[in-house]
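> Sharing a structure with you now.
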Amino acid sequence: MRELVSEAEVVAASGDDDLVVWAAQGMRSGVRAWACGDAVAVASPEASRRDRLVVRGTASQVVALVRHALAECGPSYRPLGDAQLIERVVEAAPELELAGHFSWMGTEKLAPPRGEATSPGMTGTGVTGLEGAASWLADSAAPEVAALLAAANPGSYAVPGLPRVRRWAGVRDGSGGLLAVAADAWSAPTVGLLAGVATAAPARGRGLGERVCRFVASALIAEHGRAALMVDDWNRAAVGVYERLGFARRRVAAAGLPA
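Be aware that the sequence shown starts at 0, since it is given in numbering that gives the first Met the number 0, and climbs by one per residue.
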């Protein structure tokens with residue numbers, strides 16, 4: 000077992016796995032990583048509001064890394080990786096329990112637009128008036144963003160004011176009302192993260208969520224080389240939007256020590 004001390008070492012050990020490299024966060028202060036055989040583990044504090052222990056590799060070697068990392072970093076870290084791998088790790092390490100399944104989605108290139116499509120969330124009847132193009136919002140829009148998230152996506156991990164939630168984009172109606180938002184949050188040097196997607200309930204069904212997601216994802220790819228996001232598996236409407244944008248779905252799972 001060896002400790003990895005640079006982003007380049009993490010990239011090499013993981014085969015440039017976007018989830019692992021995202022967790023490394025450029026090896027910012029507090030991040031630690033290890034390799035054992037073909038297995039890699041990256042302990043990343045407060046990455047998308049969780050202490051995450053992102054892993055990949057052969058299950059038996061991953062178990063050894065997980066145990067080592069938890070002893071080094073503490074019990075708050077939650078192993079995260081491909082769903083089948085985490086399930087095997089939980090079977091082999093009875094001190095862990097499965098915490099849940101969701102999806103990681105990533106892309107290096109967006110699909111061309113295919114016209115307006117349903118926004119992430121439920122369909123709706125739309126709103127009257129003309130919506131503008133998506134654009135970056137001023138910092139002064141933070142209260143509007145927070146209010147929209149509270150109403151349309153109260154479970155959002157990204158909210159204004161959190162560390163490393165860098166910037167927000169939005170779509171406004173003809174009178175200036177905020178209809179849809181998305182954030183650049185917890186991005187790593189070579190993997191930008193899309194988060195905080197929400198569309199006002201009366202505006203759903205008009206493709207505004209897709210519009211703002213395309214805007215943010217395009218900016219992330221231009222700046223970081225690739226974009227990624229996390230999405231709940233039950234949110235089929237959102238998954239469909241992200242697939243139309245060109246994101247490829249990867250089913251992952253998380254585990255952790257019992258509370």
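Glycine included, each C-beta is placed from N, C-alpha and C at the ideal position.
1) Following the continuous alpha helix (DSSP H) through residue 43, name the residue where it begins and the one where it ends.
2) Around the Cβ of residue 174, are there at least 16 other Cβ atoms within 10 angstroms (buried) or fewer (exposed)?
3) What does a CB cutoff of less than 8 angstroms around residue 0 pick up in its chain, not counting 5 residues either side in sequence?
4) Quick one: is residue 228 buried, meaning 16 or more other Cβ sit within 10 Å of its Cβ, or exposed?
5) If we count the other Cβ atoms within 10 Å of its Cβ and call it buried at 16 or more, is residue 21 buried or exposed?
6) So, is residue 139 buried or exposed, given that buried needs 16 or more other C-beta atoms within 10 angstroms?
7) DSSP puts residue 198 in a beta bridge; with which residues?
8) Would you tell me roughly how many angstroms separate the C-alpha atoms of residue 61 and residue 247, rounded to the nearest one?
9) Among all the DSSP beta bridges, which residues are the ones paired with residue 52?
10) Would you mind sorting residue 121 into buried or exposed? The rule is 16 or more other CB atoms within 10 Å of its CB.
11) Using a Cβ-Cβ cut-off of 8 angstroms (strictly less than) and excluding sequence neighbours within five positions of residue 91, which residues of its own chain qualify?
12) Whose C-beta lies closer than 8 angstroms to the C-beta of residue 238 among residues of the same chain, with five residues either side of it excluded?
13) Given a cut-off of 8 angstroms, decide if residue 160 and residue 141 are closer than it, judged by their beta-carbon atoms.
14) What distance in whole Å lies between the Cβ atoms of residue 197 and residue 168, which are believed to be in contact at a cut-off of 8 angstroms?
15) Determine the direct distance from the alpha carbon of residue 164 to that of residue 176, and round the result to whole angstroms.
In brief:
1) It is not in any alpha helix (DSSP H) - residue 43 instead sits in the beta strand (DSSP E) that spans 38 to 46.
2) exposed
3) 33, 34, 35, 63, 64 and 67
4) Looking at its Cβ environment, which holds 16 or more other Cβ atoms inside 10 Å, residue 228 is buried.
5) buried
6) exposed
7) 179
8) Straight-line Cα distance between these residues: approximately 25 angstroms.
9) 42 and 78
10) Annotation note: pLDDT 32 at residue 121 (below 50); position unreliable, coordinate value reported separately. Residue 121 counts as exposed, since fewer than 16 other beta carbons sit within 10 angstroms of its beta carbon.
11) 58, 59 and 62
12) 102, 104, 230, 232 and 248
13) yes
14) Wrong, their Cβ atoms sit about 12 angstroms apart, outside the cutoff.
15) 22 angstroms
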